[in-house]
Amino acid sequence: MQGQRILLIVGGGIAAYKACELIRLLRKAGASVRCVLTAGGAHFVTPMTLAALSENPVYTSLWDLKDETEMGHIQLSREADLVVVCPATADLMAKMAAGIADDLATTLLLATDKRVLAVPAMNVRMWLHEATRRNVKRLRDDGVEVIEPDEGEMACGEYGPGRLPEPEAVVAAIRKILPGTGSGTAGEAGGGGAGTHALPAAPPRAFGARSPSPKGEDLSGRHLLITAGPTHEPIDPVRVIANRSSGKQGFAIAEALAELGARVTLVAGPVALPTPVGVHRVDVETAEQMQAAVDAALPADAAVLVAAVADWRVDPAASKLKKADGPPQLAWRENPDILAGLARSHLRPKLLIGFAAETGNVVEIAREKRLRKGCDWILANDVSGEVMGGDLNSIHLITAEGVEHWAEAPKADVARRLARRIADALA
Ligand SMILES: Cc1cc2nc3c(=O)[nH]c(=O)nc-3n(C[C@H](O)[C@H](O)[C@H](O)COP(=O)(O)O)c2cc1C
């Protein structure tokens, strides 16, 4: 990150103290940091703290004549390689989404021609509120990178999504965005080991500036839909029908596509995996919920359905089944076929990709599956070994043109290879 210039806007949230650690880490990595502190932010940290840590003046007012003559707000917004809003409060994001410019922070956010990264932190109800959902979606559509907050216990005592990610995770997100700084860490999350190669960082896209038609590996302006993980079909309030899918391959694909600049919606079954940076995640439990989330996410330019969706469900018992009553008689019902349904939909993505986790004659089964389901490509893998839950995968890519055999590789590498193929196909 040597020589990169970060303009850090500190909003009025309880997590503002973490911005102090962020400054320290960014400077340690070689970046220079200039801070803008909102009036709300100044209730939580002082300009003196930010000035001392950044070793730069701190800007707080649009109406400071001295600041405006020395470093005007337009210049401030342009003399940066990246604008980072951390913490991004509900209020700040609402103003950004609406294009309000009533203080220094919001005015320069409207004036900037640089990429903007927002790191939200707020109470779980505020985060889940329809208004915030709308604003976040709006910002993402406008090209702002909005990181998903962490889930956990909050300063207010409630539990759920809304916590500011740790400063190290924010630095990792910044590395991925800043050209030339990102990809040293790209393989880490996906568990890629030796042989993991660096990808170019996502292309710069200024806040509000839609990119022209995508070319080559550039997926900016494209919406990609991914499903990942297993589904859980309840039997009673405590028992479920499940499978061994870990979600690792689907999450790695979502991450690789986001790295190429795509807007990614990841519909995830029950898995304990962190949300990849820049990815919009929708958590579901059952096949029917996954179907509804996929429908809600459409339209998409391409969809990669990696999730291991249960073929059958049962009508769940309202109360816990008792062992003493003997083995239960389960009435099985067929679950929706999400891949085949999407292939028939009037909103069918231009490129529809399915996965076939099979044992036995994997390629033959997958060839037949591609035709039966009506998708464009099938990625077939033999799951008789350690693939489910493991970090390696070997793939047979089945298209209308034939079959390609991809040698065993870390799931992160498989994901990047697939992401590049998708970018080429959509170009
Ligand atoms: C103690 C306290 C903690 C707060 N924490 C948050 C928070 O974490 N996230 C948030 O969005 N708003 C939070 N707020 C509300 C914001 O401070 C308020 O909306 C403010 O107008 C935001 O200012 P800004 O636009 O400068 O960020 C908090 C308020 C108080 C009093």
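Numbering (our numbering), first residue to last: 606 to 1032. All C-beta atoms in this analysis are idealised placements derived from N, C-alpha and C, irrespective of residue type, glycine included.
- Within the chosen limit of 7 Å, ligand 1 reaches the beta carbon of T694 through at least one heavy atom.
- Burial of S682 is indicated by the presence of at least 16 other C-beta atoms within 10 angstroms of its C-beta.
- At least one heavy atom of ligand 1 sits closer than 7 Å to the Cβ of G616.
- With contacts defined by Cβ atoms closer than 8 Å, S989 and T964 form a contacting pair.
- With 16 or more other CB atoms across the displayed protein chains lying within 10 angstroms of its CB, W982 is buried.
- Contact between P954 and L830 holds: their C-beta atoms lie close to 7 Å from each other, under 8 Å.
- Linking P932 to L926 through their CA atoms gives a straight-line distance of about 9 Å.
- Remark: the C-beta of M727 is in contact range of ligand 1, defined as less than 7 Å to any heavy atom.
- With distances taken between CA atoms, L667 lies nearest to V641 out of P879, A647, V688, V641.
- At a threshold of 7 Å, M731 counts as near ligand 1, since its beta carbon sits closer than that to one of the ligand's heavy atoms.
- Ranked by Cα distance from H678, the options D696, A657, D707 are led by D707.
- Counting along the chain, I970 sits inside the alpha helix (DSSP H) bounded by residues 967-978.
- For R886, the three-state secondary structure derived from DSSP is strand.
- Cα atoms of I628 and L655: separation of roughly 8 Å, rounded to the nearest angstrom.
- Residues A859, A863, V869, L871 of the same chain have their beta carbon placed closer than 6 Å to that of V884, with the five preceding and five following residues left out of the count.
- According to DSSP, H1010 shares a beta bridge with H1001.
- Remark: the C-beta of I831 is outside contact range of ligand 1, defined as less than 7 Å to any heavy atom.
- DSSP, read as helix, strand or coil, puts N740 in helix.
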